[in-house]
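Peer 1: Here's a structure for you.
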Amino acid sequence: MKIKTIPELCTSCNMCAYICSIKKLGVINYRKAAIRIFNKLPYPEIEILSNCDLCKSEEEPWCDKYCFPGALYMEGKE
Amino acid sequence: MIFRGYTGKFLLVDLSKKAIKTIEWNKEDWLPFIGGRGFGAKIIWEMTDKSTEPLSPNNVVAINAGPLTGTHIPGAGRVSITSISPLTNIWADSSMGGYFGAEMKHAGYDVIILKGANKEPKYLSIEDDDIELKKADELWGRDTYKTESMLKKDLGDNVRIMCIGPAGENLVKFASINHEFGRQSGRTGIGAIFGAKKLKAITVRGTKDVKVADLLRLNKRIDYTIDFMRNNDKDWHEIFLRHGTMTTYEWCQSISALPTKNFKETEFEKWNESDGFSMEKRIKVGKKACHCCTSPCGNISKVQHNNQNNFIVGPDYETAGLLGPNCGIEDIESIAQANYLCDIYGLDTISTGNVIGFAMECYENGLLGTDGLKLEWGNATAMMQLIEMIAYRQGIGNILAEGVKKAAEYIENGSEMFTMHVKGLEQSAYETRGAPGMTLAYATSDVGAHHSRSTIISWEIKNTDRFSVSEEKVEKQIELEHQRSLFDALGTCRFQWCELRLPLNIFAQFFRAVTGLRTSLESLLVASERIFNLTRMINVRRGITKKDDIPPKRVFMEEIPSGELKGRKMQYEGFKAMISWYYDLRGWDQETGIPTRETLEKLGLSFVL
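Below is the structure:
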């Protein structure tokens with residue numbers, strides 16, 4: 808499984824990155840996240856880093872769970 | 005000293021001396037002012053005086069994050085930018101969304117304070133503790149989009165930027181500060197102060213953690229908040245997500261408060277050519293959120309300019325109302341194009357829409373020579389040209405760049421009747437002859453005719469006889485002035501509360517979880533009252549008294565000429581009664597409008613006496 812992105816739906820809110828840093832490290836710091844959002848018009852760039860472990864202890868990755876616009880989805884998820 | 009929520013540090017940059025230092029602030033002196041706009045007020049009180057010239061090196065700009073800023077609370081990326089306004093010559097305060105405030109906190113600063121002036125164009129680069137003033141010769145003269153693009157190319161995409169455009173450089177008195185291609189600190193002309201200081205931009209990159217007292221509790225409150233906003237009223241949430249603040253457009257038309265032809269009229273015949281549905285159908289291509297906002301108001305729209313596709317984050321309601329109906333412009337495409345021009349030149353869209361509406365009314369009445377520019381209502385081509393002329397101070401643009409109050413002093417011949425301002429600040433997009441409460445809200449707002457202190461109009465129409473004058477309305481307005489301003493002190497967005505109806509007490513819970521302080525909502529609201537009185541005292545020190553707490557003349561002197569509210573105007577006696585109740589309830593002197601000694605001492609403001 809891996810996380811796929813739809814930049815057209817991403818609002819650049821950065822919540823995915825903040826929540827990733829909290830889940831992974833227990834700190835509030837989007838720069839320590841395994842996902843990066845680069846704000847651009849009209850649509851941002853989204854980068855998933857190689858240290859993303861898909862929040863393996865959880866039912867779904869937290870970035871996906873907190874992405875309300877639906878810009879992230881799990882490929883290969885049954 | 006251990007801080008949570010706060011960084012505990014101010015960054016002080018003296019541009020003249022090229023001196024940069026950090027200051028550790030102490031809790032005893034500063035916590036009574038919460039942060040954000042509150043810290044900004046205390047800094048402006050202490051670092052300016054009654055004669056500080058707004059565009060002189062002596063003026064100070066404080067960029068203030070709040071205690072909640074930088075956490076993952078939805079919308080908590082805001083900064084309040086405070087100074088002495090070149091447009092009004094009094095307290096300046098403009099709150100900006102986006103991501104800049106959060107980045108400041110990651111870099112380790114609650115406030116960035118600027119004083120002095122550069123001799124040559126510079127930009128301020130902040131990379132955590134590494135602070136530098138860098139040459140901006142290549143950036144000077146560039147529009148805001150180009151400036152941000154060039155800086156990101158040089159410094160990397162992951163830097164946050166605020167910058168000015170040509171309007172700020174040319175000292176247009178309502179120049180904005182722009183951020184991330186779509187967010188602005190628009191009101192009160194702080195962009196011109198950057199221009200006078202020859203400061204083109206500030207870039208920030210922070211890598212530090214934002215520390216909070218109780219992360220577990222904060223996460224729970226954030227989950228509750230997100231769930232509440234999405235599910236409390238699903239239909240409203242859906243339309244808010246689709247149209248953002250453009251939801252207000254149709255509402256203002258329906259209650260006859262839509263500024264039309266320089267606020268002369270209150271309904272616009274072609275309103276449904278430029279409302280939220282028109283935007284959605286014809287120009288919207290996506291959504292844009294501020295920091296961690298899960299219910300964003302921002303819309304991305306496409307704009308055609310010089311035969312090229314461009315994009316804006318907008319139009320929002322204030323922009324659409326004032327660059328649209330207020331100038332007689334009928335189509336959403338032209339409004340978006342004007343929005344784009346204001347954004348790239350760095351102009352406040354609210355003041356710009358007012359200034360152009362004013363110019364069109366002067367033109368209609370033969371008061372303004374325009375060198376062939378046909379400034380007729382609804383002439384979009386002329387409007388686009390005039391925006392550029394204002395930004396570059398060309399021809400009549402040079403007069404209009406001073407704002408409506410000064411422009412009317414220059415034009416004379418009764419043009420003052422066409423100026424829609426309070427204390428020199430042009431009015432936001434609510435016409436008030438059918439809303440006495442909102443008339444009072446503009447009159448008493450500390451920055452001038454802006455809606456951010458109290459937008460009582462929605463409450464008074466929903467809950468009272470809208471045309472009535474009552475002490476109840478005045479009480480509510482004061483309550484709103486404290487509630488709404490509190491968000492600018494906390495450093496988070498108020499829409500979660502005022503638009504999506506999240507209970508206010510949640511923000512006190514956020515404050516406690518973030519800071520670890522056991523502060524009640526009531527205490528926070530008292531602090532907000534303290535801040536409101538301090539900004540009043542900054543204005544009093546600069547000569548503001550009761551005589552200035554007065555709405556635009558048109559409100560009393562001209563009846564609404566058409567529509568549902570035809571024949572209605574604000575009665576002066578009614579206004580006089582309301583302002584008298586207002587001073588009484590605030591503890592301000594009836595004759596002068598100055599807070600009494602007793603009021604100031606009660607609020608812990610003895611230091612201003």
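Residue numbers (our numbering), protein chains in the order written: chain A, 808 to 885; chain B, 5 to 613. Ideal placement from N, C-alpha and C gives every residue a C-beta, glycine not left out.
Residues of chain A with CB closer than 8 angstroms to the CB of Asn162/B, please, in chain order.
Peer 2: As a working note, residue 162/B is residue 158 in the second sequence. The answer, in chain order, is Arg838, Arg843 and Phe845.
Peer 1: Give a yes or no on whether 8 angstroms exceeds the smallest Cβ distance from Met822/A to chain B.
Peer 2: Your numbering for residue 822/A matches position 15 in the first sequence. Judged by the 8 angstroms Cβ criterion, Met822/A is in contact with chain B.
Peer 1: Taking 8 angstroms as the threshold (C-beta atoms), are Gly79/B and His295/B in contact?
Peer 2: Looking up residue 295/B in the second sequence gives position 291. Looking up residue 79/B in the second sequence gives position 75. Cβ distance < 8 angstroms, so His295/B and Gly79/B count as in contact.
Peer 1: Among residues of its own chain, excluding the 5 on either side of Val216/B, which ones have a beta-carbon nearer than 7 angstroms to its beta-carbon?
Peer 2: Walking along the second sequence from the start, residue 216/B turns up at place 212. Excluding positions up to five away in sequence, the list reads Arg8, Gly9, Thr75, Leu222, Ala517 and Val518.
Peer 1: Alpha carbon to alpha carbon, how far is Asp552/B from Ile27/B?
Peer 2: Translated into the one-based positions of the second sequence, residue 552/B becomes position 548. Translated into the one-based positions of the second sequence, residue 27/B becomes position 23. Between Asp552/B and Ile27/B, the C-alpha separation is close to 36 angstroms.
Peer 1: In the DSSP assignment, find the unbroken alpha helix (DSSP H) run with Asp227/B in it and report its ends.
Peer 2: Against the second sequence, residue 227/B aligns to sequence position 223. Leu219 to Asn235 is the extent of the alpha helix (DSSP H) around Asp227/B.
Peer 1: Excluding the 5 residues flanking Ser419/B on each side, which residues of the same chain have their C-beta closer than 6 angstroms to its C-beta?
Peer 2: Your numbering for residue 419/B matches position 415 in the second sequence. Hits under 6 angstroms: Cys366, Leu371 and Ala412.
Peer 1: Using a C-beta to C-beta distance shorter than 9 angstroms, which residues of chain A count as neighbours of Pro71/B?
Peer 2: Here the question's residue 71/B lines up with position 67 in the second sequence. By Cβ distance, chain A contributes nothing, its closest Cβ being about 13 angstroms from Pro71/B, past 9 angstroms.
Peer 1: Which of helix, strand or coil does DSSP assign to Arg498/B?
Peer 2: For the purposes of this step, residue 498/B is taken as the residue at position 494 of the second sequence. Note: Arg498/B maps to coil in three-state DSSP.
Peer 1: Among Lys831/A, Lys839/A and Tyr880/A, which has the Cα closest to the Cα of Ser864/A?
Peer 2: Numbered from 1 along the first sequence, position 57 holds the residue referred to as residue 864/A. Comparing Cα-Cα distances from Ser864/A to each of Lys831/A, Lys839/A and Tyr880/A, the minimum goes to Lys831/A.
Peer 1: Is it the case that the Cβ atoms of Asn266/B and Phe422/B are separated by a distance below 8 angstroms?
Peer 2: On the second sequence, residue 266/B is found 262 positions in, with the first residue counted as 1. On the second sequence, residue 422/B is found 418 positions in, with the first residue counted as 1. Yes, the Cβ-Cβ distance between Asn266/B and Phe422/B is below 8 angstroms.
Peer 1: Which same chain residues end up closer than 6 angstroms to Trp275/B when comparing Cβ atoms and leaving out the 5 residues on each side of it in sequence?
Peer 2: What you label residue 275/B is simply residue 271 of the second sequence in a count that begins at 1. Closer than 6 angstroms at Cβ, skipping near neighbours: Gln257.
Peer 1: So is Lys25/B in contact with chain A if we call contact Cβ pairs under 8 angstroms?
Peer 2: Counting from one through the second sequence, the residue named residue 25/B turns up at place 21. With 8 angstroms as the cut-off, Lys25/B does not count as an interface residue toward chain A.
Peer 1: How long is the line joining the alpha carbons of Ala445/B and Asn537/B, rounded to whole angstroms?
Peer 2: Position 441 of the second sequence holds residue 445/B. Position 533 of the second sequence holds residue 537/B. Each residue's Cα considered, the two are about 15 angstroms apart.
Peer 1: At which residues does the alpha helix (DSSP H) containing Lys292/B begin and terminate?
Peer 2: In the second sequence, the residue the question calls residue 292/B occupies position 288. Taken as a continuous stretch (DSSP letters only), Lys292/B belongs to no alpha helix (DSSP H), being part of the beta strand (DSSP E) at Lys288 to Lys292.
Peer 1: So which residues of chain A does Asp184/B contact, with C-beta pairs closer than 7 angstroms?
Peer 2: As a working mapping, residue 184/B is identified with position 180 in the second sequence. Residue identity differs from the one stated: residue 184/B is Glu in this sequence, not Asp. Residues of chain A passing the Cβ test: Asn846.
Peer 1: By the criterion of Cβ-Cβ separation under 9 angstroms, what are the contact partners of Val83/B in chain A?
Peer 2: Here residue 83/B corresponds to residue number 79 of the second sequence, with the count starting at 1. By Cβ distance, chain A contributes nothing, its closest Cβ being about 16 angstroms from Val83/B, past 9 angstroms.
Peer 1: Taking only the alpha-carbon atoms, compute the straight-line gap between Gly145/B and Thr596/B and give it to the nearest angstrom.
Peer 2: Position 141 of the second sequence, counted from the first residue, corresponds to residue 145/B. Position 592 of the second sequence, counted from the first residue, corresponds to residue 596/B. Approximately 45 angstroms between the Cα atoms of the pair.
Peer 1: So, helix, strand or coil for Pro599/B, using DSSP?
Peer 2: To locate residue 599/B, count along the second sequence from 1; it is residue 595. Here Pro599/B sits in strand by DSSP.
Peer 1: Go through its chain and collect everything with a Cβ distance to Pro263/B's Cβ below 7 angstroms, but skip five positions before and after it.
Peer 2: The residue you call residue 263/B lines up with position 259 of the second sequence. Same-chain partners within the cutoff: Gly325, Leu326, Pro329, Asn330, Ala433 and Glu435.
Peer 1: Nearest CA to the CA of Pro440/B: which residue from Thr374/B, Asn311/B, Ala340/B and Lys580/B?
Peer 2: Counted from its first residue, the second sequence places residue 440/B at position 436. It is Lys580/B whose Cα lies nearest to the Cα of Pro440/B.
Peer 1: Once the 5 residues before and after Pro58/B are set aside, which same chain residues still bring their CB inside 7 angstroms of it?
Peer 2: Here residue 58/B refers to the residue found at position 54 when the second sequence is read from its first residue. So the list reads Ile88, Ser89, Pro90, Asn93 and Ile197, once near-sequence residues are dropped.
Peer 1: At a CB-CB cut-off below 7 angstroms, which residues of chain A make contact with Val289/B?
Peer 2: Here residue 289/B is taken as the residue at index 285 of the second sequence, counted from 1. Pro849, listed in chain order.
Peer 1: Can you tell me the Cα-Cα spacing of Glu526/B and Gln487/B, whole angstroms?
Peer 2: As a first step, residue 526/B is located in the second sequence; it is residue number 522 there, counting from the start. As a first step, residue 487/B is located in the second sequence; it is residue number 483 there, counting from the start. Straight-line Cα distance between these residues: approximately 10 angstroms.
Peer 1: Quick check on this structure: which residue in Leu159/B, Thr151/B and Lys177/B has the alpha carbon closest to the alpha carbon of Cys167/B?
Peer 2: Along the second sequence, one-based indexing puts residue 167/B at 163. Among Leu159/B, Thr151/B and Lys177/B, the Cα nearest to that of Cys167/B is on Thr151/B.
Peer 1: So who's on the other strand from Gly302/B, going by DSSP bridges?
Peer 2: As a working mapping, residue 302/B is identified with position 298 in the second sequence. Lys292/B, per the DSSP bridge assignment.
Peer 1: Should the segment 863–882 of chain A be regarded as contacting the segment 46–54 of chain B, the criterion being three or more beta carbon pairs within less than 8 angstroms?
Peer 2: Output reads no: the segment 46–54 of chain B does not touch the segment 863–882 of chain A.
Peer 1: Under the rule that 16 or more other beta-carbon atoms within 10 Å means buried, what is Phe611/B, buried or exposed?
Peer 2: Translated into positions along the second sequence, residue 611/B becomes position 607. So Phe611/B ends up on the exposed side.
Peer 1: Which bits of chain B does Ile826/A rub up against, with CB to CB less than 8 angstroms?
Peer 2: Mapped onto the first sequence, residue 826/A falls at position 19. Simply His76.
Peer 1: Only counting the same chain, and skipping five residues up and downstream in sequence, which positions put a Cβ closer than 7 angstroms to that of Leu506/B?
Peer 2: In the second sequence, the residue the question calls residue 506/B occupies position 502. Excluding sequence neighbours, Leu506/B sits near Thr229, Phe232, Met233 and Gln500.
Peer 1: Mind pulling the alpha helix (DSSP H) runs of 4 or more residues that sit fully within the segment 511–571 of chain B?
Peer 2: Here the runs fully enclosed are 525–545 and 557–561.
Peer 1: At a CB-CB cut-off below 7 angstroms, which residues of chain B make contact with Ser819/A?
Peer 2: Start at 1 with the first residue of the first sequence, and residue 819/A comes out as number 12. Near Ser819/A (Cβ distances below 7 angstroms), the residues of chain B are Lys292 and Ala293.
Peer 1: Just to confirm, are Ile354/B and Ile206/B a CB contact at a threshold of 8 angstroms?
Peer 2: Mapped onto the second sequence, residue 354/B falls at position 350. Mapped onto the second sequence, residue 206/B falls at position 202. No, the Cβ-Cβ distance between Ile354/B and Ile206/B is not below 8 angstroms.
Peer 1: List in chain order: all unbroken alpha helix (DSSP H) runs of 4+ residues lying wholly within the segment 457–502 of chain B.
Peer 2: Counting whole runs of 4 or more residues, the segment 457–502 of chain B contains the alpha helix (DSSP H) stretches 461–467, 475–494 and 499–502.
Peer 1: What are the residues that DSSP puts in a beta bridge with Thr356/B?
Peer 2: Locating residue 356/B in the second sequence gives position 352, where the first residue counts as 1. DSSP output for Thr356/B lists no bridge partner at all.
Peer 1: Taking the runs of the beta strand (DSSP E) that are 3 residues or longer, which of them lie wholly in the segment 38–107 of chain B?
Peer 2: The segment 38–107 of chain B contains these whole beta strand (DSSP E) runs: 65–69, 83–88 and 95–100.
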